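Q: Mature numbering (1 follows the signal peptide of the UniProt record, and there is no 0) puts the sequence shown at residues -22 to -1, 1 to 334.
The beta carbon of each residue, even a glycine, is placed where N, CA and C say it ideally should be.
Owing to the predicted nature of the structure, the values given are computational and were not obtained by experimental measurement.
Got a structure here, written out as structure tokens. Questions coming.
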Amino acid sequence: MDRVPTILVFIAIISFAVRVKSVREVHFTLDNSCPGRVVNAIHCPHIIQASSKLQCARQCSLRSGCVTFVRDSNQGNCRLCKTVPMIDCANTVISSEKAYRMTVTPDSCQNGGNFTSEWRCSCPAGFAGDWCERPLFDCKEARTLGYPTGVYHIQPALASQPFPAYCTTPKYGRTYISKRHSANPLFNRSWHEYRNGFGDPAGNYWIGLENLYLLTNSGLRYSFKMEPRLENNTFYQHYYNNFKLGPESDKYRLHYDSTGTNVKKSAGDCLALSLGAPFSTYDADNDGDVTENCAQRHQSGWWFPEGDCSLTKCNPHGVLVQSPGALWSGKPEDVFWINDFGNLLVWNIVTWLHRD
């Protein structure tokens, strides 16, 4: 007597697999959990033309959030659905169409993910996706997924490989570009070092121009925020909206739409004259000043105002002078912030990206 329902269930289930990018197999099973019913169309935001179930399955497997598709053979299309039929057949409608449900097995979970239900993987911190198959896009995704503050390997859409970044996740999900809490390491580095990044993301570091380019050109909108602090830990901020870098072939030129602050103590705009400027280092003089090398003058890499080093309003990557009770001496190689700071000594400074 026990064999009959087992055989019937086996016969009733129809499955097929789709290979995606030669990395994983995604299985879809005919959904008979609610006979004669399919998931309500309100849970299926996408309709595609498809001549076969295999085409439907492939499109569903490639679209983030799709777990079910409904095949309409008469119309030659498929509805791609975000959810599956609920308990007691809630959120379903009577239909002669066929619904196919994506099935994630325990073996489907990647990168240490834990299988939690028939089609869910619980990912370890640092990974995302239905199968935990990819690194985080950025630190905002770390916050969305409830991961703690720390160093993660992130991989924006344009990046071929992940790279390390320091993330703070409470409230905002900040992707830190640079952190300078102590005088070492020095930031007077070569073009190669500024391109690839240097330092320790858990301490003082620079994320790298190429990584910053990949982040800001992967289809997401970011604000670039700068936060210098005084010796008494009073902090000031300024931000640059829709911040992007050009490619290395264009010397990582600086672009943004608008600027401002959302805190009581504004740091003042120090990049107004650097909009559209290329990045410069001591061994890559791109500043356009024919009289001197701005990077050598300020002993740092930065987007200096084109054509005149004397117009530089801040030097976040200069020599960090942490002398208690002192004022800025006026040395061009020191870290300084002229607008709203004057001769006050910048004690430390951080910069980060905030995804809008």
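So residue 331 and residue 281 are in contact, right, with Cβ under 8 angstroms, and what is the actual spacing, rounded?
A: Not quite, the Cβ-Cβ distance comes to about 15 angstroms (not below 8 angstroms), so this is no contact.
Q: Helix, strand or coil for residue 335, going by three-state DSSP, please let me know.
A: A question about residue 335 goes unanswered here, because the residues of the chain that appear run from -22 up to 334.
Q: Would you say residue 122 touches the ligand SAM, meaning its beta carbon is less than 6 angstroms from a heavy atom?
A: Of the ligands one can find in the structure shown there are none, so the ligand SAM has no counterpart to examine.
Q: Between the C-alpha atoms of residue 47 and residue 221, what's the straight-line distance to the nearest angstrom?
A: Residue 47 and residue 221: Cα-Cα distance of roughly 38 angstroms.
Q: For a test of the three-state rule: what should DSSP assign to residue 274, helix, strand or coil?
A: Helix at residue 274.
Q: Determine the direct distance from the alpha carbon of residue 156 to that of residue 172, and round the result to whole angstroms.
A: Looking at the two C-alpha atoms, the distance is approximately 11 angstroms.
Q: I think residue 218 touches residue 224, with their Cβ atoms under 8 angstroms apart; what is that distance to the nearest whole Å?
A: Actually they do not touch by this definition, with Cβ atoms about 15 angstroms apart.
Q: Alpha carbon to alpha carbon, how far is residue 411 from residue 129?
A: Beyond the ends of the chain as shown, which are -22 and 334, falls residue 411; an answer cannot be given.
Q: If we require 4 or more residues per run, which alpha helix (DSSP H) segments fall completely within the segment 152 to 222?
A: The qualifying runs are 169 to 174 and 187 to 194.
Q: Do you know offhand how far residue 4's Cα is from residue 34's?
A: So the alpha carbons of these two residues sit roughly 12 angstroms apart.
Q: Measure from the alpha carbon of residue 52 to the alpha carbon of each residue in 158, 24 and 74, then state which is nearest.
A: Comparing Cα positions, the closest option is 74.
Q: Would you call the segment 164 to 171 and the segment 256 to 268 touching, i.e. three or more CB-CB distances under 8 angstroms?
A: Counting Cβ pairs under 8 angstroms, three or more are found: they touch.
Q: What's the gap between the Cα of residue 63 and the Cα of residue 158?
A: At residue 63, the pLDDT of 41 sits below 50, so the modelled position is not reliable; the number obtained from the coordinates is stated separately. Rounded to whole angstroms, residue 63 to residue 158 spans 52 angstroms at the Cα level.
Q: Could you check whether residue 78 and residue 350 sit closer than 7 angstroms to each other, using their CB atoms as the reference points?
A: There is no way to answer for residue 350, as the model of the chain reaches only from -22 to 334.
Q: Assuming residue 214 contacts residue 205 (C-beta within less than 8 angstroms), just tell me the rounded distance between them.
A: The pair is a contact, with the Cβ atoms about 7 angstroms apart (cut-off 8 angstroms).
Q: Distance, Cα to Cα, residue 41 vs residue 118?
A: Taking the straight line joining both Cα atoms gives about 21 angstroms.
Q: Counting only the same chain and skipping the five closest in sequence on each side, list residues whose C-beta sits under 7 angstroms from that of residue 18.
A: Here the set comprises 69, 70 and 71.
Q: Please return the same chain residues whose Cβ sits closer than 7 angstroms to the Cβ of residue 311, not counting the five positions on each side in sequence.
A: Contacts found: 276, 277, 296 and 297.
Q: Within a Cβ cutoff of 8 angstroms, which residues of the same chain sit near residue 91, ignoring the five residues on either side of it in sequence?
A: Excluding residues within five positions, the ones whose Cβ falls inside 8 angstroms are 99, 100, 101, 102, 105, 109 and 110.
Q: Looking at the structure shown, is residue 236 part of a helix, part of a strand, or coil, going by DSSP?
A: Correct three-state label for residue 236: strand.
Q: Would you tell me roughly how many angstroms separate the C-alpha atoms of residue 57 and residue 315, rounded to the nearest one?
A: Answer to the nearest angstrom: the Cα atoms are 56 angstroms apart.
Q: Using the three-state DSSP reduction, which class does residue 139 fall into: helix, strand or coil?
A: Coil, per DSSP.
Q: Answer with buried or exposed for residue 323, where buried requires no fewer than 16 other C-beta atoms within 10 angstroms of its C-beta.
A: Buried, because 16 or more other Cβ atoms sit within 10 Å of the Cβ of residue 323.
Q: In the segment 77 to 125, which residue ranges form an unbroken beta strand (DSSP E) of at least 3 residues, counting only runs that do not cross its ends?
A: Qualifying beta strand (DSSP E) stretches, in chain order: 92 to 95 and 98 to 100.
Q: Span of the beta strand (DSSP E) holding residue 287?
A: Per DSSP, residue 287 belongs to no beta strand (DSSP E) and is neither H nor E.
Q: Let me know the secondary structure DSSP gives residue 20 once reduced to three states.
A: In the structure shown, residue 20 sits in a helix (DSSP, three-state: H, G or I).
Q: Using a Cβ distance threshold of 8 angstroms, determine whether the segment 176 to 183 contacts the segment 191 to 199, with at least three qualifying pairs required.
A: No, they do not touch.
Q: By a C-beta neighbour count over all protein chains shown, 10 Å radius and 16 as the cutoff for buried, is residue 9 buried or exposed?
A: Per the 10 Å Cβ criterion, buried.
Q: Quick one: what does DSSP say residue 331 is sitting in, helix, strand or coil?
A: In the structure shown, residue 331 sits in a strand (DSSP, three-state: E or B).
Q: Rounded to whole angstroms, what is the Cα-Cα separation between residue 241 and residue 319?
A: Roughly 16 angstroms between the two C-alpha positions.
Q: Got a sec, what are the start and stop residues for the alpha helix (DSSP H) residue 57 sits in?
A: From DSSP, residue 57 is part of no alpha helix (DSSP H) but of the beta strand (DSSP E) over 55 to 59.
Q: Whose C-beta lies closer than 8 angstroms to the C-beta of residue 162 among residues of the same chain, with five residues either side of it excluded?
A: So the qualifying residues of the chain are 182.
Q: Residue 302 to residue 325, Cα distance in whole Å?
A: When rounded, the distance between both Cα atoms is 9 angstroms.
Q: Distance check for residue 134 and residue 86, CA to CA, integer angstroms please.
A: Distance between the alpha carbons of residue 86 and residue 134: 23 angstroms.
Q: Can you list, in chain order, the residues of its chain with a C-beta nearer than 7 angstroms to that of residue 285? Leave out the 5 residues immediately preceding and following it.
A: The answer, listed in chain order, is 266 and 267.
Q: For residue 291, which residues in the same chain have their Cβ closer than 6 angstroms to its Cβ, ignoring the five residues on either side in sequence?
A: For residue 291, where only same-chain residues beyond five positions count, the Cβ hits under 6 angstroms are 248, 316 and 317.
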